[in-house]
Amino acid sequence: MNPSAAAADDGRGPLLIAAAVAALPITVLIALAVGAIGAPAADMRHLLEHVLPGVLLNTVVLVVGVTLLAGLLGTVLAWLVSSYDFPLRSVFAWALLLPMAIPAYVLAFVAIAGLDFAGPVQTALRGVFGEGLRLPPIRSTGGVILVMSLALYPYVYLLARGAFATQGRRALEVAATLGLTPRQALLRVQLPLARPWIAGGMALVAMETLADFGTVAVFNYDTFTTAIWRAWSTLYSIEAALQLAGALVLLVAIALMFEQRARAAQRHTALGGPAAPRRRLAGWRAAAVTALPATVLLLALVLPGIALGAWALEHAARDLDADWWSAAGRSVALGLMAAALVCALAIALAYAVRARPDGTTRGLARLATLGYALPGTVLAVGVFLPVAGLNNLFEAAARAIGADWPGYLQGTVAVLLLAYAVRFLAVAHAPLEANLGRITRSIDDGARLLGAEGLALLRRVHLPLLRTGLLTAAALVFVDVMKEMPITLMTRPFGWDTLAVRVFELTSEGEWTRAALPALAIVLVGLLPVALLLRRAERPG
Amino acid sequence: MRLVIDSIRRSFDGTPVLQDISFTLAPGTIGCLLGPSGCGKTTLLRIIAGFETADGGRVLADDRVLTAPGVRLPPPERHIGMVFQDHALFPHLDVLANIAFGLHHRPKAERDTRARELIEAVGLAGLATRRPHELSGGQQQRVALARALAPGPQLLLLDEPLSSLDAELRRQLGAELRQILKRYGTTALLVTHDQQEAFAIADEVGVMRDGRIEQWATPYDLYHRPATRFVAEFVGSGSFVVGRCRADGSIDTALGAASAPHAADCPCTPGSTVDLLLRPDDVVHDDASATTAEVLAKAFRGADFLYTLRLPDGTQVLSLVPSHHDHHIGERIGVRLETDHVVAFEPRS
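Protein chains in written order, with the working numbering: chain E, 1 to 541; chain H, 1001 to 1349.
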């Protein structure tokens, strides 16, 4: 049987599965569009005149600032680490990824607690230099840009380092035989070749910045996400929240477009050859080059880590109570449930594409995994309308058969999980798809000839081969859910505190140092996927 | 430009890779280093390009010192072009921009004219705006050549330029490559392990083995007057038969007498034994011949058969026979010697 005949045999099933999974984000987007357009004109005008301009300006300034600074940091660090040999280089090479484990909102409250006027740093400095000393205020536009850049630069660093490493020696040699000095080669060959990866990393940073809620909330820096939250929680205006969410989606779409373009360009931009030898630096040059990664790590990892540890110890005795443990338990439970659900959906989707690898199924799979671009606040608002509609439907159906509809779908764990599924499907899909791609059709055919059919084929061949991908996917989703703040905050059942929600509540009350205890737990769990990443990325050295 | 390689030495971790390599390429000559992998030919090429250092010896371009003890001119200042084995085109640039890449310090108009001229010369005029991934292997190879030639280098280095292409394309492009190099009068040096590639392109070939040049000669002389047993075995096919030297200088073999070998390079003294190299075209099928040999194997090659024959004394030889002489395996056929160039070595001890 030829492959196309096999695909035809598989028929509609795979298409329906892919369509069902893709329906989740599509429904959310339609709800947002309907909600945003259907709002009364009067509300619209108020929003347009009083909220939108400030929020838009703040958001754009933040996104541009963070994208440029994180892009610059990530690119320069990646270039130094892959082109030069200097003290501690091999340690920096992997340690520079570790800040990925610290959510930006954690770095934010640590920075504020540490650097504010009353914080330990300024107090100590005043002790030495006298009462007149003032540092530039951390709670400023510059402060929030700096903090977010320190948290997000690893996205650019990881991709750019991979690009610089795979360009290899060949690119530099060709440039040299064509008369280019090393500096000219950097500008005319190395950077242009790495551009799709750098751009891809910067687009991811832009999307993360647009999606961020926790950091800007801590800094009291008003963006779309905080405006949506305020409309949702204090104004109880679902219309205003929907309109703001709709506008934010447009900004996200721009970033997403850049990301997809960068990805397409990555496909044809490798130049092979062995890795270029690193130039050894000595003396003051080595010291200067070592100073940059050392400073970044100190600010983004070491000092925050020490502060978190110290503050967590300080409050552990009093705060480590039953409430804390139940919040931790809920975080873990949500993470596990979400991991199971998302992995199941991702496997179904990956198998659907495998069984019917045509344009339609692939297109649906792409749509289904676009949810990672939707900010949590937008998703929380977006699932509200469909779920409310569904709730009314159930209520009517129950009444029709004379039964009582006991409750209310909104604010159940099911809705929370649904929102997670939309947001994190791509996180699980990527490793599973890659893993499944290695199980070729001829492996299936070979197993069938040896007598393994149907479930036996799955159990004896596919499952063992998929295990790494499944574990990776589950771990990534678990950790992302642990860190996740806005979806949990906005759609959780009443009173359902998790660790991330506790961080939000403590920081919004200005209890900076008490937030360290739940934050430390989140960071420690967050080290897990970074460790996975390191194991994969560090093999070539 | 005249390229002078003078006593180049190089070792890696105590293992000598190049031992006292010397040769000279006259201006406009295409030279080739031919040898099995690991013989040091690529290292030598990289020393000439300036990517590697030499432990001793000099590289001169006319009177300019490129490499010498204590001197190593940086690659960009050598005015040497290079075509890499994997072509190494810039994937982010189109064909024209790739070719114009090395012309960066010339005015824009001149850059364009020169790039257009070269794209024409390599026969890719219609593909100026294509990206490398949209080209076939042969087209990529042409772009790589045009890019290396564009700045008008004094010397062009080619690292196995055709090895990534299939056999048919290799033959066709080899001839074309030679034509283009000759048209621009560029001195060129290529390295390869493939003698077809070497013979198709080069004027002079140096056969390398274990970091030494065994013989530097024209392709014709390498084939017909190999200086060492290694060259004889590495270049072309053939077999050795035992011969006894006679007083008149000719050599007696199981196939009859071979005429006097090239006097200078024969180890013959009357009465001594030698190994005589027989190329497949030296052993001729002749039904009238008294000497017969048994057919052990045969390979049909279209115009001719390549027979593996066993002589009465057990020695095996190869024979090229026109394809209408179709004999069975096991059959005995008449053969005789027809040697223009008799090559003999001292017997292997």
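All residues carry an ideal CB built from backbone N, CA and C; glycine is no exception.
In the same chain as V218(E), and ignoring 5 residues on each side of it, the C-beta atoms closer than 7 Å to its own belong to Y105, A108, F109, I112 and T507, in chain order. The Cβ-Cβ distance between L1320(H) and L1309(H) does not fall below 8 Å. A direct Cα-Cα distance of roughly 16 Å separates D1013(H) from C1039(H). Comparing alpha-carbon positions, the option among F1240(H), R1301(H) and S1259(H) lying closest to E1338(H) turns out to be S1259(H). Here DSSP, grouped into helix, strand and coil, assigns T1053(H) to coil. When C-alpha distances from V1295(H) are compared across D1287(H), D1304(H), L1311(H) and P1280(H), the shortest belongs to L1311(H). Its Cα nearest to that of P1027(H), the residue P1153(H) stands out among D1086(H), R1130(H), H1092(H) and P1153(H). The way I'd put it, the stretch 354 to 367 of chain E doesn't touch the stretch 499 to 513 of chain E; fewer than three beta-carbon pairs between them come closer than 8 Å. For H268(E), the C-beta contacts it makes with chain H under 7 Å involve P1091, R1131 and H1133, in order along the chain. For A206(E), same chain residues with a beta-carbon under 6 Å away, outside a window of 5 residues either side, are V63, T67 and A255 in chain order. The beta carbons of T177(E) and A1148(H) sit closer together than 8 Å. The C-alpha of V387(E) lies about 8 Å from the C-alpha of V415(E). The beta carbon of Y153(E) sits closer than 6 Å to the beta carbons of A70, L73 and G74 from its chain, once the five residues preceding and following it are set aside; these are given in chain order.
For Y1307(H), the pairing in a beta bridge is given by DSSP as K1298(H) and S1319(H). The beta carbon of A1100(H) lies closer than 6 Å to those of R1111 and A1115 in the same chain, with the five residues before and after it left out. Look at G359(E) here: in three-state DSSP terms it is helix. Distance check between C1245(H) and each of G1206(H), G1256(H), G1057(H) and Y1220(H) places G1256(H) closest, using alpha-carbon atoms only. Among the residues of chain E, those whose CB is under 7 Å from the CB of A1049(H) are T177, following chain order.
Between the stretch 392 to 400 of chain E and the stretch 336 to 350 of chain E, the count of Cβ pairs shorter than 8 Å is below three; the stretches do not touch. Rounded to whole angstroms, L1318(H) and R170(E) show a C-alpha spacing of 44 Å. Rounded to whole angstroms, the Cβ separation of P1076(H) and T181(E) is 6 Å, and the two are in contact under 8 Å.
By the Cβ neighbour-count rule, E131(E) is exposed, with fewer than 16 other Cβ atoms within 10 Å of its own. Assignment of D1275(H) by DSSP, reduced to helix, strand and coil, places it in the strand class. The Cβ atoms of T498(E) and S237(E) do not sit closer than 8 Å to each other. At a cut-off of 8 Å between C-beta atoms, F1023(H) does not count as an interface residue with respect to chain E.
For G376(E), the number of other beta carbons within 10 angstroms of its own is at least 16, and it is reported as buried. In this structure, the CA atom of A352(E) is about 14 Å from the CA atom of A434(E). Secondary structure note for A447(E): its alpha helix (DSSP H) is the uninterrupted segment R441 to L449.
Going by DSSP, E1176(H) is part of the alpha helix (DSSP H) stretching over A1167 to Y1184. Chain E has a Cβ within less than 8 Å of the Cβ of F1084(H).
Inter-residue distance for A245(E) and L32(E) is about 7 Å (C-alpha atoms, whole angstroms). The alpha-carbon separation between L292(E) and W79(E) amounts to approximately 12 Å. Exposed is the label assigned to H1133(H), since fewer than 16 other Cβ atoms lie within 10 Å of its Cβ.
Considering only E208(E), A350(E) and L385(E), the residue with the shortest C-alpha distance to R362(E) is A350(E).
Per DSSP, the continuous alpha helix (DSSP H) segment holding M482(E) begins and ends at L463 to K483.
In the three-state DSSP reduction, F1345(H) falls in the strand class (E or B).
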